[in-house]
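2 protein chains.
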Amino acid sequence: MRWTEIDQQLCSVARALSVVGERWTLLILRDAFLGTRRFEQFQHNLGITRHRLSERLSKLVEQGVLVKVPYNERPLRHEYRLTRKGLGLYPVLMSLARWGDDWMTGEEGVTLQYVHRSCGKVTRPLLACSECGEPLRPEGVMPQPGPSLQVIADDLAKEGRRNVPIPELIGRSRPQE
Amino acid sequence: MRWTEIDQQLCSVARALSVVGERWTLLILRDAFLGTRRFEQFQHNLGITRHRLSERLSKLVEQGVLVKVPYNERPLRHEYRLTRKGLGLYPVLMSLARWGDDWMTGEEGVTLQYVHRSCGKVTRPLLACSECGEPLRPEGVMPQPGPSLQVIADDLAKEGRRNVPIPELIGRSRPQE
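Residue numbers (the working numbering), protein chains in the order written: chain A, 136 to 312; chain B, 136 to 312.
1. Rounded to the nearest angstrom, what separates Arg173/A and Ser265/A at their Cα positions?
2. Establish whether the CB of Ala149/B and some CB of chain A are separated by less than 8 Å.
3. Could you give the DSSP three-state label for Met277/B: helix, strand or coil?
4. Buried or exposed for Thr246/A, please, with buried defined as at least 16 other CB atoms from any protein chain shown within 10 angstroms of its CB.
5. Please state whether DSSP places Arg309/B in a helix, a strand or coil.
6. Can you tell me the Cα-Cα spacing of Asn298/A and Thr184/B, whole angstroms?
7. Kindly provide the ranges of any beta strand (DSSP E) runs that are 3 or more residues long and lie completely inside the stretch 159-202 of chain A, ordered along the chain.
8. Is Lys256/A close to chain B? Criterion is C-beta to C-beta, closer than 8 Å.
9. Do you know how far the Cα of Pro226/A is from the Cα of Ser147/B?
10. Anyone know if the C-beta pair for Leu169/B and Pro278/A falls short of 8 Å?
11. Taking a cut of 8 Å between CB atoms, which residues from the stretch 180-198 of chain A lie near chain B?
12. Would you say Lys220/A faces chain B, with C-beta separation under 8 Å as the test?
13. Which residue comes first and which comes last in the beta strand (DSSP E) that contains Arg219/B?
14. May I ask you to report which of helix, strand or coil DSSP gives Ala233/B?
15. Under 6 Å Cβ to Cβ from Thr160/B, same chain only, skipping five residues before and after it: list those, please.
16. In chain order, what residues of the same chain have a beta carbon less than 6 Å from the beta carbon of Tyr249/B, not counting five sequence neighbours either side?
17. Kindly indicate the opening and closing residues of the alpha helix (DSSP H) around Leu271/B.
18. When the Cα of Val276/A is compared with those of Ser283/B, Gly255/B, Gln144/B, which residue comes out closest?
19. Measure from the C-beta of Val276/B to each C-beta in chain A and report whether the shortest distance is under 8 Å.
20. On a Cα-Cα basis, can you pick out the residue from Phe177/B, Glu197/B, Glu157/B, Ile141/B that is closest to Glu214/B?
21. Of all Cβ atoms in chain A, is any one closer than 8 Å to the Cβ of Arg172/B?
22. What are the start and end residues of the beta strand (DSSP E) that includes Gln144/B?
23. Is the beta carbon of Leu145/B sitting closer than 8 Å to the one on Arg296/B?
24. Could you round the C-beta distance between Glu243/A and Pro282/B to whole angstroms and report it? I think they count as a contact, below 8 Å.
25. Which residues bound the alpha helix (DSSP H) around Leu284/A?
26. Within 10 angstroms of its Cβ, does Arg150/B collect 16 or more other Cβ (buried), or is it exposed?
27. To the nearest angstrom, how far is it from the Cα of His251/B to the Cα of His179/A?
28. Check Pro205/A in the structure and name its three-state DSSP category.
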């Protein structure tokens, strides 16, 4: 499979990466979450070529992660704002930041810290269960086929292939409509 | 700045991406979290070239995300297991999966669902505050300079540059030792 085809995979991680998995894209979004909105600011902060930045921003707009909003009429100028879909990537970025803080920081200490406004404390974001609120750890979570994967598993079972491991199933392409 | 230099950035997200930001790397880790351990299985599931897979796995071993463990003596064969550092990426992958489920899934329904063993329910993983346990949303969290960024901000203030925006600060390279 080619990288450009991963949007066809059943796996949700692969489909998410088909939108945010290119080099620089997650750093552009990090900047957007920290308040950057204008092309020149992104370029100044990231130090990438205008061509590459433009290509990445266009794709994020096309995918509905950012929206282009005019902030000046004459001359016409736009800025880029996170949509609801874009804001939904907050846990991805905070989890990457947390991992970087935990595993790639020396004695100099963390770069940013995060104050949770409602409780007033410095927070270390973690992954929690939507049902009981407890932290989620890999050994405490059991993945099982959801509706779309079950269809594939049932089809394979009809061909005599039972108990195909989940990683093999989710790497498959989605059935064509 | 070149992509190969992002490990030098102050930003924790950039440093995390210097380890896991290459194409395929997060999909290899997704497979590892789902139980894949052997080279041939990774290759079968992902359908990438042996050369690329080998390069990605070596980098993850070098960075301490995976460890190579012998499972057979004659002939000598190794498998790849997640280290503690690797297990720390669980929230990154689950957040990507959740976003893919929320925003990139059609009527066919989600691919995988996740049962939280301790409460027994199907969970939808969310980002929560380590201090009060409430869900974290971008508008409820205030980023502020941590120790290492404060040093840079203070140096700039001495040069007369005060109130440099955070996205500009964290895009800078770390001071050389």
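Here a beta-carbon is modelled for each residue, glycine too, at the ideal position from N, C-alpha and C.
From the atom records:
1. Whole-angstrom Cα-Cα distance: 35 Å.
2. Yes - at least one Cβ of chain A is within 8 Å of the one on Ala149/B.
3. Reduced to three states, the DSSP call for Met277/B is strand.
4. Its Cβ being crowded by 16 or more others within 10 Å, Thr246/A is buried.
5. Here Arg309/B sits in coil by DSSP.
6. Taking the straight line from one Cα to the other gives about 26 Å.
7. Segments of the beta strand (DSSP E) lying fully in the stretch 159-202 of chain A: there are none.
8. Yes, its Cβ sits closer than 8 Å to a Cβ of chain B.
9. One C-alpha to the other measures close to 14 Å.
10. Cβ atoms of Leu169/B and Pro278/A: closer than 8 Å.
11. Residues passing the 8 Å Cβ filter: Asn180, Leu181, Gly182, Ile183.
12. For Lys220/A, the answer is yes, since a Cβ of chain B falls inside 8 Å of its Cβ.
13. No beta strand (DSSP E) holds Arg219/B; the alpha helix (DSSP H) holding it covers 219-222.
14. Residue 233/B is actually Arg in this sequence, not Ala. Here Arg233/B sits in helix by DSSP.
15. Answer for Thr160/B: Arg191, listed in chain order.
16. Counting only residues of its own chain and dropping the five nearest sequence neighbours on each side, Tyr249/B has a CB closer than 6 Å to the CB of Thr258.
17. Premise fails: Leu271/B is in no alpha helix (DSSP H) and is neither H nor E.
18. If we check each option's Cα against that of Val276/A, Gly255/B comes out closest.
19. By the rule that beta-carbons nearer than 8 Å mark a contact, Val276/B touches chain A.
20. Nearest option by C-alpha distance: Phe177/B.
21. Answer no: the Cβ-Cβ gap between Arg172/B and chain A never drops below 8 Å.
22. Judged by DSSP secondary structure, Gln144/B falls outside any beta strand (DSSP E); it is assigned neither H nor E.
23. In this structure, Arg296/B does not lie closer than 8 Å to Leu145/B by Cβ.
24. With 8 Å as the limit, Glu243/A and Pro282/B qualify as a contact, their Cβ atoms being about 7 Å apart.
25. Counting along the chain, the alpha helix (DSSP H) containing Leu284/A begins and ends at 282-293.
26. Classification for Arg150/B: buried.
27. Straight-line Cα distance between these residues: approximately 44 Å.
28. Strand, per DSSP.
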